[in-house]
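Undergrad:
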Amino acid sequence: MPPKRTKSSQKSIEQEGRILFAIRHIRNGATESIREIAARFEVPKSTLLHRLNGQLSRAEARPTGHILTEDEEDSLVKWILDMDMRGAAPRPSTVQEMANILLAARGSSPPHTVGKNWSTSFTKC
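Taking our numbering, I'd label the letters of the sequence shown as residues -1 to 123.
1. DSSP on Ile24, reduced to helix/strand/coil?
2. I want to see whether chain B comes within less than 8 Å of His23, judged by CB atoms only; does it?
3. Report, in whole angstroms, the separation of the C-beta atoms of Ala20 and Leu46, which I expect to be a contact under 8 Å.
4. Kindly indicate which three-state DSSP category Pro108 falls into: helix, strand or coil?
5. Are the beta-carbon atoms belonging to Glu68 and Leu100 less than 8 Å from one another?
6. Out of Arg16, Ala57 and Lys122, state which residue places its alpha-carbon closest to the alpha-carbon of Lys43.
7. Ordered along the chain, which non-local residues of its own chain (more than five positions away) have a Cβ less than 7 Å from that of Leu122?
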């Protein structure tokens, strides 16, 4: 049995579909204004404009609060798994040090660092 969705999440899914249809309509050479298209598809004009300018939907966007980039996180995960396969699983403090090394490699001044409990929450993901 599929999971039951709340009304608000169902509305979000429906609105996302209408936004995608509106974008497709515009890219296929619509002659109406953005305002008219937004009204026809029942989507906010501002949202439609943002999407046309490349902004991602909330579902597609990476949540804020990430210190490392996706590539840095992938690199760190590979390093952790490699160490584990060698029989030397790194301690949280070692993972924290490696994350700080990755951040320092960016060259920002002063270099960013992760918090003391960051490695624990990172490994839970």
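The C-beta atom is built at its ideal place from N, Cα and C for all residues, glycine as well.
TA: Result, derived from the coordinates:
1. As a first step, residue 24 must be located in the sequence shown, where it is residue number 26. If DSSP states are grouped into helix, strand and coil, Ile24 belongs with the helices.
2. The question asks about chain B, but that chain is absent: this structure has only one protein chain.
3. Along the sequence shown, read from residue 1 onward, the residue named residue 20 stands at position 22. Along the sequence shown, read from residue 1 onward, the residue named residue 46 stands at position 48. Right, their Cβ atoms sit about 6 Å apart.
4. Within the sequence shown, numbered from 1, the residue matching residue 108 stands at position 110. Here Pro108 sits in coil by DSSP.
5. Mapped onto the sequence shown, residue 68 falls at position 70. Mapped onto the sequence shown, residue 100 falls at position 102. Not in contact: Glu68 and Leu100 (Cβ atoms no closer than 8 Å).
6. The count along the sequence shown starts at 1 and reaches residue 43 at position 45. Closest by C-alpha distance to Lys43, out of Arg16, Ala57 and Lys122, is Arg16.
7. On the sequence shown, position 124 is the one that residue 122 refers to. The amino acid at residue 122 is misidentified as Leu; the sequence shows Lys. No residues qualify anywhere along the chain.
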